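This report concerns only the one structure given below.
Residue numbers (my numbering), protein chains in the order written: chain A, 17 to 344; chain B, 112 to 372.
Here you go:
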């Protein structure tokens, strides 16, 4: 199947004025400005197939939002090429824009003082959605997200999570084929995150939509994305299955066991993560795992020994800790 | 067609929005009343000293005032709120939502806001014009009426273009908030027909800030002064200004998206 999103050596450089702190430097800046080129996105390439849900990960400032903006036609790339549904996004053709949506967790587009229903009508006008189709989709989404009681209240009276749900409904009324979701669960509580996650999964299934999602909550990524693309310092660091990411980047495993004698110098085995009565959990370097477990079993009277991969949060942390020079 | 429907939908939302704030309606009525009263007092003061001002009689100047109030209402209800929102969104980087919509971006940013209560001014101005015409014994020809309606429409478009050009500069000079105050100051000059001003100011109010075309020219039509040359001039200038404004907007948008970088 041909890919729906395809980017090749995509780059975006910004010219940022640069000066020292202080009044004198500020005054000098009026006369002569020094500019520094910041490579927000530095020649990244990847392809996404129809119907895929891909997690787009990276620390703050890695270039995720810049990439999403280039894919949705808001920014012109400095170099490289992008193709989304066969369109060049930067041309912002209406046929292209009708098939995508961009949701940003920290911004809202619904009218603050009005009930969501009124704002939905506006979306219908913007996207020229036929009335019966519009009503069907709207009611379907309202039901899926359990918003029936809330659609007639002004947006300003809703909680952050309820507002986000409304935003998502508004952003999907035209049933886009491609969803760019930038931190859709930002600041929401666990239940609300879960609800939104389920909805995205359901939408993906019902309409065979392609989703590119950024999130700082690994639970979102684990629940929704089989595949992840990781960028860091504007460069592509990893592209593949989530499980392979764990395999590649986790430097540690956790070893748990039960032991009765307490007076042991654990530092020779690994780093103690937790002790709960007789239950100990150690963190050990991945390559030494088998050696250490063997020693534990031989030296001490340990029981119920388990070895687990490091939690995904830890893996991501070690990925993000990679220094700029080390990226390729 | 799509554009018209879109504008209508935003208008509807604007009206719905304003209905949530009933207090604004009363405040607006109060403001309009005060502005009208001071205007009338000023006019009476002038005409207690003389019975002509730059060739305009008292009822004629009342007509100018009517146009001034109506046009002010149009600007504050439909033009200024949109441009101020645009300015703010450029500054805060919130324009993204408008730009991901399948609609002409300039159209979209120009119709999103509508301050319904400001239409109190539009109506009040019309009443004042009606009174002025009555004092002139309704001596207005069909051609003059046509000239008036077209002139007021062109005037509104010119003011819109002026605002859009200034607002678009926000793409480069992020802070342009003071222009609202600047504009109000200059627009206030439209209270009087521009022939009474010295030459340099008259040129400025005609071509730099098109207050002359927005207020004086429609008032000329009402008072039977409008010449065909002036009307053609207004027509040409409207097209020229619109073309320039749209070009600057497009360039600004390119710079916003980094197309030129």
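Cβ coordinates follow ideal geometry from the N, Cα and C atoms, glycine included. All values derive from a computational prediction rather than experimental measurement.
### Query
Using a C-beta to C-beta distance shorter than 7 Å, which residues of chain B count as neighbours of residue 143 of chain A?
213
### Task
Please name the residues in the region 65 to 94 of chain A whose beta-carbon is closer than 8 Å to at least one beta-carbon of chain B, in chain order.
85, 88, 89, 90, 91, 92, 94
### Message
Buried or exposed for residue 198 of chain A, going by 16 or more other Cβ atoms inside 10 Å?
### Response
buried
### Task
Anything in the region 346 to 365 of chain B with a Cβ closer than 7 Å to a Cβ of chain A? List those residues in chain order, please.
none
### Task
Using DSSP bridges, identify the partner residues of residue 291 of chain A.
A:296
### residue 322 of chain A, buried or exposed, once every other Cβ within 10 Å from all chains shown has been counted against 16
exposed
### Query
If you draw a straight line from the C-alpha of residue 253 of chain B to the C-alpha of residue 114 of chain B, how long is it?
31 Å
#### Entry: residue 372 of chain B, DSSP secondary structure in three states
Residue placement at residue 372 of chain B is flagged as unreliable, the pLDDT there being 40, under the threshold of 50; the coordinate-derived value follows with that caveat. Residue 372 of chain B falls in the coil class under three-state DSSP.
### Message
Less than 8 Å between CB atoms is the rule here; does residue 229 of chain A satisfy it with respect to chain B?
### Response
no
### Task
Would you check if there are 3 or more beta carbon pairs closer than 8 Å linking the region 260 to 271 of chain B to the region 197 to 210 of chain B?
no
### Message
The beta strand (DSSP E) that contains residue 29 of chain A, what's its start and end?
### Response
21 to 34
#### Entry: Three-state secondary structure assigned by DSSP to residue 51 of chain A
strand
#### Entry: Beta-carbon proximity list for residue 287 of chain A, same chain, < 6 Å, skipping 5 on both sides
299
#### Entry: Near-chain A residues of the region 191 to 224 of chain B - C-beta to any C-beta below 7 Å
205, 207, 208, 210, 211, 212, 213, 214
### Query
Does residue 163 of chain B get closer than 8 Å to chain A when you measure Cβ to Cβ?
no
### Query
Touch check for the region 166 to 179 of chain B and the region 328 to 336 of chain B: three-plus C-beta pairs under 8 Å?
yes
### Message
I'd like to know whether the C-beta of residue 27 of chain A is nearer than 8 Å to at least one C-beta of chain B.
### Response
no
### Task
From the DSSP output, read off the bridge partner residues of residue 196 of chain A.
A:118, A:228
#### Entry: Neighbour-count burial assignment, residue 119 of chain B, 16 or more Cβ in a 10 Å radius
exposed
### Message
According to DSSP, simplified to helix, strand and coil, what is residue 78 of chain A?
### Response
coil
### Task
Would you kindly report the start and end of the unbroken alpha helix (DSSP H) that includes residue 261 of chain B?
253 to 279
### Task
Check whether the Cβ of residue 135 of chain B lies closer than 8 Å to any Cβ atom in chain A.
no
### Query
Looking at residue 267 of chain A and residue 221 of chain A, is the spacing between their C-beta atoms short of 8 Å?
no
### Message
Can you confirm whether residue 155 of chain B, when its beta carbon is compared against all beta carbons of chain A, has any partner nearer than 8 Å?
### Response
no
### Query
Which residues in the same chain as residue 325 of chain A place their Cβ atom closer than 7 Å to its Cβ, once the five residues preceding and following it in sequence are excluded?
262, 266, 269
### Message
Check whether chain C comes within 8 Å of residue 298 of chain B, counting only Cβ atoms and requiring the distance to be less than that.
### Response
Included in the structure are the protein chains A and B, with no chain C among them.
### Message
Just to confirm, is the Cβ distance from residue 79 of chain A to residue 57 of chain A under 8 Å?
### Response
yes
### Task
Give every residue of the same chain whose Cβ lies closer than 6 Å to the Cβ of residue 195 of chain B, excluding the five residues on either side of it in the sequence, and list them in chain order.
none
### Query
What's the C-alpha gap between residue 299 of chain B and residue 322 of chain B?
9 Å
### Message
Give me the DSSP bridge partner(s) of residue 128 of chain A.
### Response
For residue 128 of chain A, which the question treats as bridged, DSSP gives no partner whatsoever.
### Message
Below 8 Å on the Cβ atoms is my contact criterion, and I expect residue 183 of chain A with residue 240 of chain A to pass it. Report the Cβ-Cβ distance as a whole number of Å.
### Response
With 8 Å as the limit, residue 183 of chain A and residue 240 of chain A do not qualify as a contact, their Cβ atoms being about 18 Å apart.
### Query
If you draw a straight line from the C-alpha of residue 319 of chain A to the C-alpha of residue 118 of chain A, how long is it?
52 Å
### Proximity winner among A:271, A:257, A:250, A:276, relative to residue 53 of chain A (alpha-carbon distances)
A:250
### Task
Put residue 403 of chain A into one of helix, strand or coil per three-state DSSP.
Here chain A comprises residues numbered 17 to 344, so residue 403 of chain A is not present and cannot be evaluated.
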